[in-house]
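Undergrad:
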Amino acid sequence: MLAHVEPFHTFFYLFAWWTYLPVIGAINHRKSGRSYVIGGRWQLVWLCSCSLVVWLFFEIWNFRLGNWLYVGVITDLGLRWTVYALSFATVLPAILETDLLFDHLGVARRVRGPAFQVSARWPAALVVSGFVMMALVALLPRYCFPLVWVGIVLILDPVLYHMDKEASFLGQASRGSYQRLIRLMLAGLSCGVLWEFWNYGSGAKWIYNIPFFNQWKVFEMPLPGFLGFMPFALECYLLWELFRLARKTPAFTDRRYQALALILVISYCALAFYGIDVMTVIWL
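Per this note's numbering, the sequence shown runs over residues 11 to 294.
1. What does the alpha-carbon distance come out to for the pair L294 and L248?
2. Nearest-angstrom Cα distance between L75 and L281?
3. Helix, strand or coil, according to DSSP, for S187 in the structure here?
4. Cα separation between G50 and R152?
5. Using only the alpha-carbon positions, how far apart do E251 and A177 sit?
6. Taking the continuous beta strand (DSSP E) assigned at Y218, which residues delimit it?
7. For Q127, does the count of other Cβ atoms within 10 angstroms reach 16, so buried, or fall short, so exposed?
8. When you compare the stretch 234-243 with the stretch 193-206, are there three or more beta-carbon pairs, one atom per stretch, that lie closer than 8 angstroms?
9. For T100 and S61, what's the separation of their Cα atoms in angstroms?
10. By the DSSP assignment, the alpha helix (DSSP H) with W27 in it spans what residues?
11. Whole angstroms is fine: what's the gap from F229's alpha carbon to I217's?
12. In the structure shown, what three-state DSSP assignment does V121 receive?
13. Between L196 and F112, which are expected to be in contact by the criterion C-beta below 8 angstroms, what is the C-beta distance as a whole number of angstroms?
14. With distance defined between alpha-carbon atoms, name the residue in C279, I276 and L255 nearest to L170.
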């Protein structure tokens with residue numbers, strides 16, 4: 011990469027993540043027999059597909075926000091979209107494997123606190139607050155853009171609480187258990203540092219255009235922006251848990267449902283990729 015040898019210079023970010031993931035996956039699997047990227051039939055394909063869907067959701071929000079732009083992108087359409095897919099497919103595996111690694115290392119294992127009393131009104135209040143935040147992001151993107159990384163958490167966690175209390179942060183807080191929350195935020199921050207570090211030297215990379223915070227940069231990211239990786243990790247976890255629950259429904263095994271879902275996901279990805287090409291890539 012440093013010597014500008016191709017394809018390592020242009021695609022260094024891709025090579026870095028697809029080295030990191032199997033390495034820590036192997037460490038996790040060796041320690042406990044658990045890994046998100048190693049073992050399990052079609053597990054990695056399913057995880058990467060979910061990751062692609064999740065990250066493109068934020069790419070679509072970025073069409074409104076304009077907080078990041080891509081430069082140095084290759085012109086070949088087929089290869090470019092393949093690189094998009096392979097890059098975005100690493101997001102969920104990165105967060106989840108790093109969280110699992112931290113668990114094995116004993117990070118935040120004894121974080122306990124007072125049990126939070128979850129009244130009947132709390133979930134509804136959080137969901138309404140989350141939707142208000144997302145509306146503010148859409149209406150006032152210049153001033154409210156950080157709320158996109160918080161509002162989704164407030165919407166999704168009550169939904170997960172209704173479906174699986176043990177997995178939700180509200181359910182964990184009701185037992186005075188905060189270790190998963192803290193560990194995921196640390197995993198998100200750690201992955202954020204790696205994302206920015208490996209992006210910085212790549213030929214194809216993203217740059218930021220963040221109102222009020224474009225100074226004080228570490229790599230390409232303004233320093234306060236690293237805080238956003240912590241709630242982002244919570245969003246990734248919540249969406250993964252909801253995908254896990256959806257996979258257990260009877261409809262998921264219906265071949266007609268699977269075919270329709272596949273068509274919708276492919277269409278969603280293609281439209282999002284086209285939008286990235288038009289609105290987020292800087293063509294030189």
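Cβ coordinates follow ideal geometry from the N, Cα and C atoms, glycine included.
TA: This is what the structure gives:
1. By 1-based counting over the sequence shown, the position of residue 294 is 284. By 1-based counting over the sequence shown, the position of residue 248 is 238. Straight-line Cα distance between these residues: approximately 38 angstroms.
2. Along the sequence shown, one-based indexing puts residue 75 at 65. Along the sequence shown, one-based indexing puts residue 281 at 271. So the two alpha carbons sit approximately 18 angstroms from each other.
3. Position 177 of the sequence shown holds residue 187. Strand, per DSSP.
4. Residue numbering aside, residue 50 sits at position 40 when the sequence shown is read from its first letter. Residue numbering aside, residue 152 sits at position 142 when the sequence shown is read from its first letter. If I take the Cα positions, the gap works out to 44 angstroms.
5. Within the sequence shown, numbered from 1, the residue matching residue 251 stands at position 241. Within the sequence shown, numbered from 1, the residue matching residue 177 stands at position 167. If I take the Cα positions, the gap works out to 7 angstroms.
6. Here residue 218 refers to the residue found at position 208 when the sequence shown is read from its first residue. From DSSP, the beta strand (DSSP E) with Y218 extends over K215 to Y218.
7. Here residue 127 corresponds to residue number 117 of the sequence shown, with the count starting at 1. Q127 is exposed by the Cβ-count criterion.
8. yes
9. One-based indexing of the sequence shown puts residue 100 at position 90. One-based indexing of the sequence shown puts residue 61 at position 51. Looking at the two C-alpha atoms, the distance is approximately 7 angstroms.
10. Here residue 27 refers to the residue found at position 17 of the sequence shown. Taken as a continuous stretch (DSSP letters only), the alpha helix (DSSP H) holding W27 covers F22 to S42.
11. Working through the sequence shown from its first residue, we reach residue 229 at position 219. Working through the sequence shown from its first residue, we reach residue 217 at position 207. Roughly 10 angstroms between the two C-alpha positions.
12. As a position in the sequence shown, residue 121 is number 111, starting the count at 1. In this structure, V121 counts as coil in the three-state DSSP scheme.
13. Along the sequence shown, read from residue 1 onward, the residue named residue 196 stands at position 186. Along the sequence shown, read from residue 1 onward, the residue named residue 112 stands at position 102. Contact holds; Cβ gap of about 6 angstroms.
14. Taking the sequence shown and counting its residues from 1, one reaches residue 170 at position 160. Per the C-alpha coordinates, the member of C279, I276 and L255 positioned closest to L170 is L255.
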